[in-house]
Amino acid sequence: MTMNFFRGVMGGQPAGPQPTGAETIHKLCDRVASSTLLEDRRDAVRALKSLSKKYRLEVGTQAMDHLVHILQTDRSDSEILGYALDTLYNIICNDEEEEQDESEDMAAAPPLSGKHKNVPVSDENAQKQEEDLGVLFTDKFLGDSENVTLLLTLLEEFDFHVRWPGVKLLTALLKNQCNQVQGVILVSPMGVSRLMDLLADSREVIRNDGLLLLQQLTKGNAAIQKIVAFENAFERLLDIITEEGSSDGGIVVEDCLLLLVNLLKNNSSNQNFFKEGSYIQRMKPWFEVGDDNSGWSAQKVTNLHLMLQLVRVMVSPVNSPGATSSCQKSMYQCGLLQQLCTILMATGVPADILTETINTVSEVIRGSQINQDYFASVNAPSNPPRPAIVVLLMSMVNERQPFVLRCAVLYCFQCFLYKNQKGQGEIVATLLPSTIDANSISAGQLLCGGLFSADSLSNWCAAVALAHALQDNLTQKEQLLRVQLATSLGKPPVSLLQQCTNILSQGSKVQTRVGLLMLLCTWISNCPIAVTHFLHNQENVPFLTGQISENLGEDERLVQGLCALLLGICIYYNDNSLENYTKEKLKQLIEKRIGKENFVEKLGFVTKHELYSRAAQKPQPVFPSPEQMLFDHEFTKLVKELEGVITKAVHKTSEEEKKEEEVKKTLEQHDSIVIQYKDLIRDQDTQIQELREQVSTLSLNSEQMHNQIIQQQSQIQQHKDQYNILKLKLGKDSQGLSSSQGLSSSQGEGAHVNGLHSEELSQLREEVEELRRQHTLQHTQLSDKDSLINTLRCGAAAQTAEGGAGGSDNTDLLGEVESLRSRVQAQCAEISQLQTERQELIRRAEAVSSAPASSSESSADTVKVSELESRLAAQTTETERLKEECRGLREGHAGLEQQLASAQSTVAIEQTEKTKLQQEVQESKKEQDDLLMLLADQDQKILNLKQRLRDLGETIEDEDELDARDQFGEDDDDDDDEEEDEENND
Numbered sequence: 001m002t003m004n005f006f007r008g009v010m011g012g013q014p015a016g017p018q019p020t021g022a023e024t025i026h027k028l029c030d031r032v033a034s035s036t037l038l039e040d041r042r043d044a045v046r047a048l049k050s051l052s053k054k055y056r057l058e059v060g061t062q063a064m065d066h067l068v069h070i071l072q073t074d075r076s077d078s079e080i081l082g083y084a085l086d087t088l089y090n091i092i093c094n095d096e097e098e099e100q101d102e103s104e105d106m107a108a109a110p111p112l113s114g115k116h117k118n119v120p121v122s123d124e125n126a127q128k129q130e131e132d133l134g135v136l137f138t139d140k141f142l143g144d145s146e147n148v149t150l151l152l153t154l155l156e157e158f159d160f161h162v163r164w165p166g167v168k169l170l171t172a173l174l175k176n177q178c179n180q181v182q183g184v185i186l187v188s189p190m191g192v193s194r195l196m197d198l199l200a201d202s203r204e205v206i207r208n209d210g211l212l213l214l215q216q217l218t219k220g221n222a223a224i225q226k227i228v229a230f231e232n233a234f235e236r237l238l239d240i241i242t243e244e245g246s247s248d249g250g251i252v253v254e255d256c257l258l259l260l261v262n263l264l265k266n267n268s269s270n271q272n273f274f275k276e277g278s279y280i281q282r283m284k285p286w287f288e289v290g291d292d293n294s295g296w297s298a299q300k301v302t303n304l305h306l307m308l309q310l311v312r313v314m315v316s317p318v319n320s321p322g323a324t325s326s327c328q329k330s331m332y333q334c335g336l337l338q339q340l341c342t343i344l345m346a347t348g349v350p351a352d353i354l355t356e357t358i359n360t361v362s363e364v365i366r367g368s369q370i371n372q373d374y375f376a377s378v379n380a381p382s383n384p385p386r387p388a389i390v391v392l393l394m395s396m397v398n399e400r401q402p403f404v405l406r407c408a409v410l411y412c413f414q415c416f417l418y419k420n421q422k423g424q425g426e427i428v429a430t431l432l433p434s435t436i437d438a439n440s441i442s443a444g445q446l447l448c449g450g451l452f453s454a455d456s457l458s459n460w461c462a463a464v465a466l467a468h469a470l471q472d473n474l475t476q477k478e479q480l481l482r483v484q485l486a487t488s489l490g491k492p493p494v495s496l497l498q499q500c501t502n503i504l505s506q507g508s509k510v511q512t513r514v515g516l517l518m519l520l521c522t523w524i525s526n527c528p529i530a531v532t533h534f535l536h537n538q539e540n541v542p543f544l545t546g547q548i549s550e551n552l553g554e555d556e557r558l559v560q561g562l563c564a565l566l567l568g569i570c571i572y573y574n575d576n577s578l579e580n581y582t583k584e585k586l587k588q589l590i591e592k593r594i595g596k597e598n599f600v601e602k603l604g605f606v607t608k609h610e611l612y613s614r615a616a617q618k619p620q621p622v623f624p625s626p627e628q629m630l631f632d633h634e635f636t637k638l639v640k641e642l643e644g645v646i647t648k649a650v651h652k653t654s655e656e657e658k659k660e661e662e663v664k665k666t667l668e669q670h671d672s673i674v675i676q677y678k679d680l681i682r683d684q685d686t687q688i689q690e691l692r693e694q695v696s697t698l699s700l701n702s703e704q705m706h707n708q709i710i711q712q713q714s715q716i717q718q719h720k721d722q723y724n725i726l727k728l729k730l731g732k733d734s735q736g737l738s739s740s741q742g743l744s745s746s747q748g749e750g751a752h753v754n755g756l757h758s759e760e761l762s763q764l765r766e767e768v769e770e771l772r773r774q775h776t777l778q779h780t781q782l783s784d785k786d787s788l789i790n791t792l793r794c795g796a797a798a799q800t801a802e803g804g805a806g807g808s809d810n811t812d813l814l815g816e817v818e819s820l821r822s823r824v825q826a827q828c829a830e831i832s833q834l835q836t837e838r839q840e841l842i843r844r845a846e847a848v849s850s851a852p853a854s855s856s857e858s859s860a861d862t863v864k865v866s867e868l869e870s871r872l873a874a875q876t877t878e879t880e881r882l883k884e885e886c887r888g889l890r891e892g893h894a895g896l897e898q899q900l901a902s903a904q905s906t907v908a909i910e911q912t913e914k915t916k917l918q919q920e921v922q923e924s925k926k927e928q929d930d931l932l933m934l935l936a937d938q939d940q941k942i943l944n945l946k947q948r949l950r951d952l953g954e955t956i957e958d959e960d961e962l963d964a965r966d967q968f969g970e971d972d973d974d975d976d977d978e979e980e981d982e983e984n985n986d
C-alpha cells in the first residue's frame with residue numbers, strides 16, 4: 001500500500017524496482033523546488049508531511065530549505081502553508097505524545113523477526129536519537145534568525161490550518177533551544193504582542209496551545225516576563241481561570257497557573273505589578289471549600305496545589321522584605337489569610353493539600369505582626385475549642401503523622417515566632433508554674449512532652465521549636481530558667497535546663513542530642529545568667545570536655561562540634577560570677593584536657609558537615625528523610641556568627657581581654673558623649689529653625705511697613721501739591737483785599753493794624769508751643785538713638801565673643817529699622833511744616849473773612865482749607881500708628897537679637913564681623929552729630945522767634961532759654977523762607 005501511494009504521488013510505473021524512502025523524498029523535494037503549478041507543489045508538500053514521521057532524518061536533511069522557501073513565497077495559499085508547518089513540526093518536535101503514537105503504530109504492525117522482545121532497549125536508544133535529531137534540526141532552522149521572524153508573521157494569519165501548526169512549531173523550537181528563540185523574539189518588533197494575541201483567540205485549541213507556548217517562552221527570562229505581564233497577561237489569565245471553574249477546572253486552569261508562577265517567581269517587578277493591580281484580592285475565591293471535602297479529583301488537587309504555590313511565590317522569604325510585607329498586609333486585608341486558615345481547620349482535606357496549606361500560611365504570617373496575631377486567635381472547630389497552634393503541635397509530636405506534615409507544622413511554628421516577641425512570651429508563659437492549667441493542653445506542655453519522648457524526631461522538632469521561642473529574646477531566656485519539671489514521685493523537681501543536660505549525658509540517639517545541643521546553645525547565647533546556671537551544675541563542664549576530647553566515629557563528630565560550640569559560648573558570654581568557672585579557668589581547662597588547636601578543629605566539624613550547607617540555604621525545613629533532619633536554618637546563622645568570636649576568645653590571653661574591656665568601656669563612654677552632642681546639636685537645629693521662621697516673619701512685616709510708608713509718602717506729596725495750589729490762590733485774594741482796604745479811612749486802618757498785632761502775638765505763642773512739643777519729641781528720639789547705640793555696642797561685643805553666624809541677618813534688619821526711623825522722622829518734619837503753614841493759612845483766611853467785602857472765591861477757598869485740615873489730621877493719625885509699629889518692630893528685633901546670640905553660642909569667632917559692627921557704631925555717632933547740628937539750628941530758630949516776641953513786647957523767661965538748649969529740632973530751610981514772607985506781608 002505504501003509503495004502504491006509513492007507511485008501515485010510520483011507518477012511512476014508499477015513494474016520495476018521499488019524506490020527507497022530517501023529516493024522518494026529526493027524526488028518530492030525536486031517537485032517542490034521546480035514545479036510552477038501551485039497544485040503540484042501542494043501535493044508534494046502533502047506527501048512530505050506524510051513521510052516526515054517515518055523518515056524524519058531524510059525529510060529534515062533534504063526538505064527543510066524547500067519548506068522554508070514555501071513559507072516565504074506561497075503566502076497566499078493557506079493549505080500549502082499548513083502542510084509545510086506540519087512537516088517542520090514533525091521533524092523538529094520531540095513530543096512524547098507523538099513518539100507514543102508512533103510506538104503504538106509500530107506495535108500494531110506484525111513483528112518482522114523473532115527479536116521483538118528487545119524492543120524496550122531499542123526504543124530507549126531510538127528516543128535518544130530522536131531527541132538529538134530534534135536539536136539538530138532546530139539548530140538548522142535557527143541558523144537564519146529571519147525564520148523565527150517569518151514564523152511570528154505567520155501567526156497573524158487567522159486561518160486555523162496556518163495558526164495552529166505555527167503555534168506548535170514555535171513551541172517545539174522553544175523546547176529544544178529556548179534561549180536562542182527567546183533572544184530572537186525579544187528583539188522582534190511586536191513579537192511578544194503577537195503571541196499574547198493567542199490568548200484572545202476564540203478557538204480553544206489555539207488558546208490552550210498558546211498557553212503552552214507562553215509557558216516555554218517565559219522560562220528564565222525576566223525581560224520577556226515583564227513584557228508579557230505588561231501586555232495585560234494577569235487580567236487575561238485570571239479571567240480564563242474564572243471561566244474554566246477555578247480550582248474545579250480542567251488542565252487549562254493548570255496551564256494558566258503554571259504560566260502565572262513563571263511570571264511571578266523571582267520577579268519583583270511583576271510581583272509589585274500583581275499586587276498594585278489588586279489581583280491578590282481575586283485569588284480569595286479560589287480557596288473557598290465546603291463542609292464535605294471528600295472525593296476531590298486529581299485535577300482539583302493539582303490546581304489547588306498550584307494556587308497555593310502562587311500565594312507562596314508572592315510572600316516567599318527570598319523576596320525583598322518590603323515587598324513581602326506589603327503582600328502579607330494585602331492578603332490579610334482581603335481575607336485571603338482567613339480563607340487559608342479555614343482550609344487548615346477543615347475536615348476531609350487531602351493530606352498533600354493540607355501540608356501545602358500549612359506551608360503557605362507559614363509564609364503569609366512570617367514576620368508580619370498583625371498576621372501572627374490573627375493566627376494566634378484562630379481556634380479549631382473542636383469541643384472544647386482549641387487554638388490552632390496547639391492542634392498543629394499535637395500533629396508535630398505525633399510520630400504516626402506523615403513526615404512532611406510534621407516538617408510543615410514545625411515550619412509554621414517557626415514562622416509564627418519569627419520576629420514575634422509577643423508570641424514568644426505567650427509560648428514560654430505556658431511553661432511557667434503560675435500559668436499552667438491542668439484542665440487543658442497547652443503549647444508548652446506539648447513541647448516538653450515531645451522534648452522527652454521516646455521518638456527522636458519528636459525530640460528534635462520540640463527542641464528546635466522551643467529554641468525559636470527564645471531566638472533573640474533575652475527576657476524569655478531568663479524566664480525559661482524558672483521552669484521546673486517533676487521527674488518522678490518522691491524526687492525534687494529539676495529545672496528544664498538541668499533535665500536537658502541529664503538527657504545528653506544518658507547517651508541517647510544522635511538526632512536527639514543534636515536537637516538538645518542546639519536548644520542549649522540558643523538558650524545560653526547572649527545570656528550571662530543562663531551561662532551561670534549552666535555552669536553551676538558541676539557535672540556539665542566535665543561532660544563537655546570529655547565529649548570533645550574523645551576520638552569517636554564519624555556519626556559522633558557533629559555532637560563533638562556542638563559540644564565545643566556550647567563550651568565556647570560558656571567562655572564568650574561568661575560574666576566571671578562563678579569563681580571556679582571564670583573565663584580564664586575555662587580556657588586553662590581546655591588547654592590542659594583538649595588543647596586549643598584540637599578544640600578549634602572540633603568546633604569546625606559543625607560547619608563542615610554536609611547537611612549544614614543545605615539547612616543554611618532557606619528557612620523551610622525540607623529533608624529527604626527523617627534521619628537527615630539535623631540542622632535548623634536559624635541555628636546555622638548562630639553558628640556562623642559565633643564560630644569566629646569563640647575561636648578568638650579561646651586564643652586570647654588575660655591581658656588582651658583586659659585591654660579589650662578597657663577599649664569597650666572607652667567606646668561606650670565615647671558613644672554616650674557622641675549621643676549627648678547629637679542631642680545638643682538637634683536641639684540647636686530646632687532653635688535655629690524657629691529663629692529663622694521668626695526672622696522671616698519679621699522681614700515680611702518690615703516689608704509690609706515699608707510699602708505702607710511709600711504709600712504714605714505719596715499721599716503726603718499729593719497733600720503738599722494741593723496745599724501749594726491753595727496757598728497761591730489765597731495769596732492773590734489777600735493782596736486784592738489789602739489794596740481795597742487801603743482806600744478806607746485812617747481810623748479803620750489803625751483798628752485793623754491793632755487787630756493784626758494781637759493775632760500775630762497769639763500765632764507766635766502757638767508756634768512757640770508747637771516748637772516746644774517738637775523739642776520734646778526730638779529729645780525723646782535722641783534718647784532712643786543713644787540707647788540704640790549702646791545696644792549695638794553691647795551686641796558687637798557679644799557677637800565678637802560668640803560668633804556672628806547670624807550677623808548678616810541682624811545687619812539687614814538694623815538697616816531696615818533705621819531706614820524706617822529716618823522716614824518717620826522726615827514725615828514728622830513735613831507734618832510740622834504743614835501744621836505751621838496751616839496756622840498761617842488759617843490766620844490769613846480769618847483776615848480775609850473779616851473784610852467787609854468778601855467774594856465767593858474766598859468762601860470756596862475756606863471750604864478747601866477745611867478739607868485740607870481734615871486730611872492733615874488723618875495723616876497725623878496714620879503717622880502716629882506707623883510710629884507705634886516701628887517701636888514694636890524695634891522691640892521684636894531686640895528680642896530676636898538676643899535669641900540668635902544664645903542659639904549660636906558654639907560658632908567660631910569671626911573678627912571681620914567686629915569691624916563691620918564698629919563701622920555701624922561710627923555711622924550712628926555721625927548720625928548723632930548730624931542730629932546735634934540740627935538741634936543747634938533749631939535753637940537758633942527759637943532764639944529768633946523769641947527776639948521777635950521781645951520786639952512785640954512779650955516777656956520771655958530764662959527757663960525757655962535753658963529748655964531751648966536741650967531741644968532737638970530738624971533743619972527746614974523752607975520755614976525760614978516762610979517766616980521772611982510773613983514779615984514782609986506784615
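Last residue of the sequence shown: 986 (UniProt numbering), numbering continuous.
Virtual Cβ for every residue (Gly too), placed ideally from N, Cα, C.
Everything numeric in this text was worked out from a predicted model, so none of it was measured.
Asked, Found
"Top-ranked residue by Cα proximity to V650, from I594, A615, R482, K618", "I594"
"Other residues of its chain near E157: CB distance less than 8 Å, five sequence neighbours each side excluded", "S78, L81, R163, G166"
"Assumed close pair L882, Q708 - CB separation to whole angstroms, cut-off 8 Å", "7 Å"
"Rounded separation between F623 and Q215 - CA only", "29 Å"
"7 Å Cβ cutoff met for F416 and Q369", "no"
"Beta-carbon proximity check, H66 vs A22, cutoff 7 Å", "no"
"Close beta carbons around V514, own chain, < 6 Å, minus the five adjacent residues each side", "L630"
"DSSP three-state assignment for S453, whether helix, strand or coil", "coil"
"Neighbourhood of D951 by C-beta distance below 8 Å, restricted to the same chain and skipping five residues each side", "none"
"Segments assigned alpha helix (DSSP H), at least 4 residues, entirely inside the region 474–508", "474–480, 496–505"
"Rounded separation between A408 and G322 - CA only", "25 Å"
"N- and C-terminal bounds of the alpha helix (DSSP H) containing R194", "191–196"
"Proximity below 7 Å, CB of V315 to CB of E363", "yes"
"C-alpha distance - K49 paired with T360, whole-angstrom precision", "49 Å"
"Of the residues N551, Y418, S495, the one placed nearest H536, counting alpha carbons only", "S495"
"Proximity winner among I224, N179, L174, relative to S193 (alpha-carbon distances)", "I224"
"Straight-line Cα distance separating S269 from L151", "30 Å"
"Contact under 7 Å by Cβ, S52 with I92", "no"
"Continuous alpha helix (DSSP H) assignments of at least 4 residues falling wholly in the region 51–81", "56–73"
"Sequence-distant residues of the same chain with beta carbon closer than 8 Å to Q271, five excluded per side", "L264, V313, M314, N319, A323, C327"
"Where A380 falls: helix, strand or coil (DSSP)", "strand"
"Which residues DSSP lists as bridging P387, in chain order", "N379"
"T20 versus E58, R31, R42, L37, residue with shortest Cα-Cα distance", "E58"
"DSSP three-state assignment for A462, whether helix, strand or coil", "helix"
"Buried or exposed by the 16-neighbour rule on C-beta atoms within 10 Å, applied to H468", "buried"
"Exposure label - V483; buried when at least 16 CB within 10 Å", "buried"
"Given 8 Å, three or more beta-carbon pairs between the region 446–461 and the region 393–405", "yes"
"Local conformation of P317 per DSSP, three classes", "coil"
"Separation of A615 from F274, as counted between CA atoms", "31 Å"
"Completely contained alpha helix (DSSP H) runs for the region 196–277, where each covers 4 or more residues", "204–217, 222–230, 233–243, 251–264, 268–276"
"Burial state of L474, where buried means 16 or more other Cβ atoms lie within 10 Å", "exposed"
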